[in-house]
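Comments concern the structure below.
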Amino acid sequence: MKKIILMITLILCQLVNSQMRTLEVQFKDKTIVKASGKISGEFLKYKLPNSKKEKVHFSEILSVTIYFDEDKKTIYKYFPIKNTKKSKVFEEIIFGDVSLYMTTAKGYNNPGGAGMNRIEYIIQNYYVRRNEFNEVTHLGSNQIFTKDFRKVTSEYFKDCAILVEKINDKHFGKREIEEIVTFYNENCN
39 MKKIILMITL ILCQLVNSQM RTLEVQFKDK TIVKASGKIS GEFLKYKLPN
89 SKKEKVHFSE ILSVTIYFDE DKKTIYKYFP IKNTKKSKVF EEIIFGDVSL
139 YMTTAKGYNN PGGAGMNRIE YIIQNYYVRR NEFNEVTHLG SNQIFTKDFR
189 KVTSEYFKDC AILVEKINDK HFGKREIEEI VTFYNENCN
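Yeah, the sequence shown ends on 227 if you go by our numbering, and it's all consecutive.
Below, the structure written as structure tokens:
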């Protein structure tokens, strides 16, 4: 019995430690810290070697880079959302004159009623930001019923007539948000 309890304890300790990732935090005062940690809502929980865990709100941070392995890293930043009083933590997808950011949330659907298996789906909301502004603008999501995608993107990129034409001619749709931002950065500056 003691061996089983010991095994369960070791497995749980491994799971708890595996959630912490190697990261680099750049604070607004230009301090850079390398630590292990994780993002929890609008907070970053991190631990420096030989010290206790710390928790800091993203409003005090310029960026957090999480390293998954030698080749894969993800950058997170905190911005206010245009036309709202909200700010959020965003994953940076493309950095350029216009940068693309994303938030991810999970949703659940229970098609068979109580007691049946529920289906999980991922909701990805996309936001863009011009370098000269601090706020992000919501462009759309990966959901089927996104309102006015062409109208919103055409308005946001109105300074690039060729891109607006491609959006309105359905050359670019809401599933090509990354291609739209890349096209703008490469052809419309």
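All residues carry an ideal CB built from backbone N, CA and C; glycine is no exception. Computed from a prediction, not measured in an experiment: that's the story for all the values here.
Rounded to whole angstroms, what's the CA-CA distance from residue i to residue j? Just pull it up for me.
i, j, result
"Ile215", "Gly178", "9 angstroms"
"Lys90", "Arg59", "16 angstroms"
"Tyr116", "Ile104", "15 angstroms"
"Tyr139", "Lys208", "22 angstroms"
"Asn55", "Tyr114", "Because Asn55 carries a pLDDT of 45, less than 50, the predicted location of this residue cannot be relied on, and no value is offered for it."
"Ser78", "Ile160", "18 angstroms"
"Ile70", "Tyr84", "13 angstroms"
"Leu44", "Gln64", "Because the pLDDT at Leu44 is just 45, under 50, the model does not fix this residue reliably, and the value given afterwards should be weighed accordingly. Approximately 39 angstroms between the Cα atoms of the pair."
"Asn163", "Ile131", "12 angstroms"
"Cys226", "Cys198", "6 angstroms"
"Tyr146", "Asn155", "10 angstroms"
Shortest alpha-carbon distance to residue i belongs to which of the options?
i, options, result
"Glu217", "Phe133, Val71, Asn147, Pro118", "Phe133"
"Lys120", "Val166, Glu173, Tyr222", "Glu173"
"Lys212", "Asn180, Val202, Lys196, Asn206", "Asn180"
"Thr122", "His176, Val71, Leu201", "His176"
"Asn223", "Ser78, Thr69, Arg168", "Arg168"
"Leu61", "Leu86, Asp67, Val202, Arg156", "Leu86"
"Gly75", "Lys93, Lys68, Asn88", "Lys93"
"Arg188", "Ile205, Cys198, Phe195", "Ile205"
Which partner residues does residue i have in the DSSP bridge list?
i, result
"Arg168", "Val136"
"Ser74", "Thr60, Lys85"
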